[in-house]
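Step one of this worksheet: look at the structure below.
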Amino acid sequence: MRLLALLLLAACASPAPQFIGGERHEVTRGGLRFVVFHAGSRAEVVRLGYLTRSERAIVPRLMEEAAAEATGCRVVPNSMRSGIPGDTGEARFDLDCRA
């Protein structure tokens, strides 16, 4: 039963309060699935699915790519922030959408 609950939670993504009402996009990068919430000049990226610790190293770069792909904006360098430092399940980025 716990495994079923974990799988159901891993398959859904909800935005942080400041991204409610923003655009929702689904993106696959590097074989991983992400949900991107876009609101103004910010994006929140949520990784879907489970990864072992050793599989997580590439995730921050893929999250940045997913944010850029989904929004059509340039991700501001070094703007990645996470609610939990080192967490690869969720990150927020500042965007430069002047194009």
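Residue numbers (mature numbering (1 follows the signal peptide of the UniProt record, and there is no 0)): -18 to -1, 1 to 81.
Each residue gets a CB set at the ideal place from its N, CA and C atoms; glycine is no exception.
Here the structure is a predicted model, which is why all the values come from computation and not from measurement.
Span separating the alpha-carbon of residue i from that of residue j
i, j, result
"H53", "A25", "What sits at residue 53 in the sequence shown is Thr, not His. T53 and A25: Cα-Cα distance of roughly 8 Å."
"E47", "G68", "18 Å"
"residue 100", "Q(-1)", "Residue 100 is absent from the structure shown; the chain starts at -18 and stops at 81."
"E8", "H20", "11 Å"
"R73", "I40", "Note that residue 73 is Ala in the sequence shown here, rather than Arg. Distance between the alpha carbons of A73 and I40: 14 Å."
"I2", "V58", "22 Å"
"C55", "I66", "25 Å"
"G4", "R38", "27 Å"
"G12", "R6", "20 Å"
Nearest-angstrom beta carbon gap, residue j and residue i [assumed within contact, 8 Å]
i, j, result
"R15", "L33", "Between L33 and R15 the Cβ distance is about 11 Å, and since that is not below 8 Å, they are no contact."
"V17", "A(-6)", "4 Å"
Residue i and residue j closer than 8 Å at C-beta
i, j, result
"C79", "S23", "yes"
"S61", "D76", "yes"
"T70", "P42", "yes"
"A49", "V27", "yes"
Identified DSSP bridge partners for residue i
i, result
"F75", "A25"
Give the list of continuous beta strand (DSSP E) stretches no shorter than 3 residues that lie fully inside the segment 3 to 28.
With a minimum length of 3 residues, the continuous beta strand (DSSP E) runs that stay inside the segment 3 to 28 are 5 to 11 and 14 to 21.
Enumerated in chain order, which unbroken segments of the alpha helix (DSSP H) with a length of 4 residues or greater are wholly contained in the segment 30 to 67?
Listed in chain order, the alpha helix (DSSP H) runs fully inside the segment 30 to 67 are 41 to 53, counting runs of at least 4 residues.
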